[in-house]
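Asker: Take a look at the following structure, please.
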Amino acid sequence: MLSVNDIHYTYQNFPVLSGVSFSVEQGELCGLFGPNGCGKTTLFKCCLRFLAAHKGTVHINGEDVSKKKVEDLAKIVSYVPQEHKPPFPYLVREVVLMGRTPHLGGFFGVRRKDKEIALNALDRLEISDLADRPYNQLSGGQRQMVLIARAIAQDTPIMFLDEPTSTLDFHNQMKIWEIMQSITEEGKTILACSHDPNHVAWFCDRVIVISNSGVVANGHPRDVINNEILDLIYKDTCSVRSTDGVRMVMPRCIIEKKEQCNSGIVAEHPDHSRK
Amino acid sequence: MTETTRLKRLLERMGYDDVGGFSEYKKILILLIIAVIMFISALTAVVMGKYGFTVLDVYQTVFTHVTFGDVSAIEKLNNTIIWDIRAPRILLTLFVGGALAIAGAVFQGVFRNPLVEPYILGVSSGAAFGAALGIVFPAIFFSLQLSAFAFGSIAVAVAYLLARVRGETPVVTLILAGVIVGSIFAALVSLLKYLSTDAALREIVFWMMGGFYYATWNDVRVIAPVVIVGFIILWALGWKLNILSMGDDEARTLGVNPERYKFIVISIATAVTAFAVSLVGIIAWVGLMMPHASRILLGPDNRYVIPASFMMGGIYLIICDTMARTLTNAEIPVGIIASILGAPYLCYLLRNKGRIIFG
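Line by line, the protein sequences give chains X and D. Start counting the first sequence at 1; every next residue gets the next number (my numbering). Start counting the second sequence at 1; every next residue gets the next number (my numbering).
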């Protein structure tokens, strides 16, 4: 479905992507995972051709992205950016309707069916109550939900989401991951980057871990999210534990604190454990 | 099929049907009301003037012409003043106001900034330079209007090319390039003013204030087709303009090639502005204010903002120009009235609706 081949990208003199390659199968919910500044967003932008990769190719459905027209690309790929605020007070329903643009034709273009699809997308995310609010006055989390609804309305076989849950509350985070799962069950492919190892471990079918040196790991979360990899990218801050059969990534300092607490050392010097 | 259902069908085919609170009928109604106001203001403006015709005289003259009646039956004086002086002047005002307002709406959308006016890329300074050349060197630049149009377009083209880096024209670069080009041409205008005779200097200054003093049917014939065609194309691109106003990356995501459509809409908006400016001089405010006013009435959707701006720009300039020619015995340059009326309006916007409109 998506195959990325040896992508290189350099900002001025600062290389961000140097030889990233991986592929994602149809119907997979794939998590892209890596430390800050490792080039996740840049990778997305190369895949979507906002940036022209200096070397390497991206194929979607077997077609080279760099040879496709903008109009055609938007029919097969949708994108949810991290943060975006337009200057004009478009209503939420209008913003979601914009997702239908690649499928529109005609003089004014918007048909009844498109409006219905837009409203359904709002329904699916349970944010129909926002429909009449100006989009640029919403909170960051609400805007993120609207952009996800827009991508759903765009109805493309593959979706890119750049930290879709970064500004959401816990309830909405779970809701979005579940919705993404149900979307992939319909046969669509999702590539989402995230900073939460737990989300990736719980919901994704595949995890790709990247760092500045390229792809560190690629595979099923149970094989990828382990102490070794986490130590490599997060410099010894996390441990993987299992509670009731569910794997949890926990900060090591908390675990140590808990252990010390259990053995009764900590009482006198509460700060001790952090040093 | 009754008339109403037929109309409804037509509107639906055009994409204007009412689904789940996309309250489009209401917006269409507002557009129709604005259209009615536009006709009323034009018809009122014909009656207004120093020469005291009766209302009946005026409409009889207009009616005879519009219905291709027997023109020779009209009194000669009535015919000259009403049909040859007032009517073309009002139509010219309408088209110039409309042109500036749609250009303003387009530039604000493309530049993603509600404080942009159509002169942002230097079309006015370029046109002023062209006009000044025409005034100071009439032998070489035989047509003031042509020269103004040419230099107005050149200014924008230069700004656009300056801003184009590696196949992209980022908005910030474009605005800066516009400022640079604008100031160069402004300096050149100053140079010409410095070199010119007193009479020519006076003429340059007056030209730059803008006015409809010499409006003729010929001017209307020049500007009407351009503005009408430009208006229809921009209106049809209204939805694309919505997408462009979300930003370049967003537009690409949604399948609208930002570079191509920016080029198309900026070219058309520049063309209509250059035509307007070359005929009547520089009139400020219309292009800034009327898109705002339209957004307050109809929301930011450019499929409605563009037609509303066109009509409201026309209405506003008709009102200003009618005041310009009737308030005093001499004529006040319309640019002055437009600014004096416009500034308080923008103040009101800033104080009351600032947060909604300016983000």
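Quick reminder that beta carbons are idealized off the backbone N, C-alpha and C, glycines included. These numbers come from a predicted model, not from an experiment.
1. Considering only residues of the same chain and omitting the five flanking positions on each side of arginine 86(D), which have a CB-CB separation below 7 Å?
2. Mapping the DSSP letters down to three states, classify asparagine 279(X) as helix, strand or coil.
3. Pull up the distance between the alpha-carbon of methionine 159(X) and that of alanine 151(X), whole angstroms please.
4. Could you say which of Ile82(D), Tyr51(D), Phe53(D) lies nearest to threonine 64(D) if we only look at CA atoms?
5. Kindly indicate if chain X contains any beta-carbon less than 9 Å away from that of arginine 351(D).
6. Taking CB distances under 9 Å as the criterion, tell me whether alanine 74(X) reaches chain D.
7. For histidine 59(X), does the three-state DSSP call read helix, strand or coil?
8. Could you name the residues of the same chain whose beta carbon sits closer than 8 Å to that of glycine 230(D), not counting the 5 residues immediately before and after it, in chain order?
9. What number of angstroms, rounded off, separates the C-alpha of serine 239(X) from the C-alpha of arginine 206(X)?
10. For glutamate 94(X), count the other beta carbons within 10 Å of its own beta carbon; 16 or more makes it buried, fewer makes it exposed. Which is it?
11. How many Å lie between valine 256(D) and arginine 202(D) at the Cα?
12. Which chain D residues are close to methionine 98(X), counting only those with a beta carbon under 9 Å from its beta carbon?
13. Determine the closest residue to serine 128(X) out of Val4(X), Gln142(X), Pro86(X), with distance taken between C-alpha atoms.
14. Counting only Cβ-Cβ distances shorter than 7 Å, please list the residues of the stretch 83-115 of chain D near chain X, keeping chain order.
15. Check the Cβ of asparagine 257(D) against every Cβ in chain X and list those closer than 9 Å, keeping chain order.
16. Measure from the C-beta of leucine 138(X) to each C-beta in chain D and report whether the shortest distance is under 9 Å.
17. Could you check what DSSP says for valine 58(D) in three-state terms: helix, strand or coil?
18. Please list, in chain order, the residues of the stretch 292-313 of chain D that have any C-beta partner in chain X closer than 8 Å.
19. Under a CB-based cut-off of 9 Å, is valine 58(X) close to chain D?
20. Using a Cβ-Cβ cut-off of 8 Å (strictly less than) and excluding sequence neighbours within five positions of alanine 35(D), which residues of its own chain qualify?
21. Alpha carbon to alpha carbon, how far is isoleucine 76(X) from threonine 156(X)?
22. Any beta carbon of chain D sitting closer than 9 Å to that of threonine 42(X)?
23. Which of helix, strand or coil does DSSP assign to serine 273(X)?
24. Does any residue of chain X have a CB that is nearer than 9 Å to the CB of threonine 5(D)?
25. Considering only the alpha carbon of each residue, which of Gly140(X), Val92(X), His103(X), Asn136(X) lies closest to aspartate 123(X)?
26. Closest by CA to leucine 125(X), which one among Phe44(X), Gly34(X), Lys175(X), Ser21(X)?
27. Residues of chain D with CB under 7 Å from phenylalanine 296(X), in chain order?
28. Cβ closer than 9 Å: which chain D residues qualify as neighbours of tyrosine 90(X)?
29. Tell me whether threonine 44(D) sits in a helix, a strand or coil according to DSSP, three-state version.
30. Could you tell me whether the Cβ atoms of alanine 368(D) and isoleucine 40(D) are closer together than 9 Å?
31. Count the other CB atoms within 10 Å of the CB of phenylalanine 212(D); is the residue buried (16 or more) or exposed (fewer)?
32. Please confirm whether valine 266(X) has its beta-carbon closer than 9 Å to some beta-carbon of chain D.
33. Our contact map puts phenylalanine 185(D) next to phenylalanine 107(D) with C-beta atoms below 8 Å; I'd like the distance itself, whole angstroms only.
34. By the DSSP assignment, the beta strand (DSSP E) with histidine 8(X) in it spans what residues?
35. Can you give, in chain order, each stretch of the alpha helix (DSSP H) that sits fully within the stretch 89-176 of chain D and has at least 4 residues?
36. Is phenylalanine 95(D) near valine 227(D), with beta carbons less than 9 Å apart?
Answerer: So, from the data block:
1. Listed in chain order, the non-local C-beta contacts of arginine 86(D) below 7 Å within the same chain comprise Val46, Gly49, local neighbours out to five positions each way being set aside.
2. In this structure chain X extends from 1 to 275, so residue 279(X) is not present and cannot be described.
3. In a straight line, the C-alpha of methionine 159(X) is about 7 Å away from that of alanine 151(X).
4. For threonine 64(D), the closest C-alpha among the options Ile82(D), Tyr51(D), Phe53(D) is that of Ile82(D).
5. Output row for arginine 351(D): interface = no.
6. Closer than 9 Å: yes.
7. Reduced to three states, the DSSP call for histidine 59(X) is strand.
8. So the list reads Ala99, Ile102, Ile268, Ala269, Ala271, Val272, once near-sequence residues are dropped.
9. Taking the straight line from one Cα to the other gives about 20 Å.
10. Buried: at least 16 other Cβ atoms inside 10 Å.
11. Cα to Cα, the separation comes out at about 48 Å.
12. Listed along chain D are Trp239, Asn242, Ile243, Met246, Glu250, Leu254, each with a C-beta nearer than 9 Å to that of methionine 98(X).
13. Nearest in C-alpha terms to serine 128(X), of all of Val4(X), Gln142(X), Pro86(X), is Gln142(X).
14. Flagged, chain order: Arg112, Asn113, Pro114.
15. Here the neighbours are Lys69, Val70, Glu71.
16. So, not an interface residue.
17. Per DSSP, reduced to three states, the secondary structure at valine 58(D) is helical.
18. Contact annotation: in the stretch 292-313 of chain D, residues whose CB is within less than 8 Å of a CB in chain X are Arg295, Gly299, Pro300, Asp301, Arg303.
19. With a threshold of 9 Å between beta carbons, valine 58(X) makes no contact with chain D.
20. Cβ neighbours of alanine 35(D) beyond the five flanking positions: Met311.
21. If I take the Cα positions, the gap works out to 5 Å.
22. No - not a single Cβ of chain D is within 9 Å of the one on threonine 42(X).
23. Unreliable positioning characterises serine 273(X) in this predicted model, as indicated by a pLDDT of 46, which lies under 50. The coordinate reading is nonetheless provided below. In the structure shown, serine 273(X) sits in a helix (DSSP, three-state: H, G or I).
24. No, no contact with chain X.
25. Ranking Gly140(X), Val92(X), His103(X), Asn136(X) by Cα distance to aspartate 123(X) puts Val92(X) first.
26. Closest option to leucine 125(X), Cα to Cα, is Lys175(X).
27. Absent from the model: residue 296(X). The displayed extent of chain X is 1 to 275, so no value can be given.
28. Within chain D, the residues whose beta carbon sits less than 9 Å from that of tyrosine 90(X) are Asn242, Ser245, Met246, Gly299, Pro300, Asp301, listed in sequence order.
29. If DSSP states are grouped into helix, strand and coil, threonine 44(D) belongs with the helices.
30. Since the first residue of chain D shown is 1 and the last is 359, residue 368(D) is not available in this structure.
31. Under this definition phenylalanine 212(D) is a buried residue.
32. Low confidence applies here, because valine 266(X) scores a pLDDT of 48, under 50, leaving its location unreliable; read the following figure in that light. No, valine 266(X) lies away from the interface with chain D (no Cβ there is under 9 Å from its Cβ).
33. About 18 Å separates the CB atoms of phenylalanine 185(D) and phenylalanine 107(D); that is not less than 8 Å, and the two are not in contact.
34. First-last of the beta strand (DSSP E) with histidine 8(X): 2-11.
35. List check, alpha helix (DSSP H) in window: 123-136, 144-163.
36. Yes, Cβ-Cβ distance for phenylalanine 95(D) and valine 227(D) is below 9 Å.
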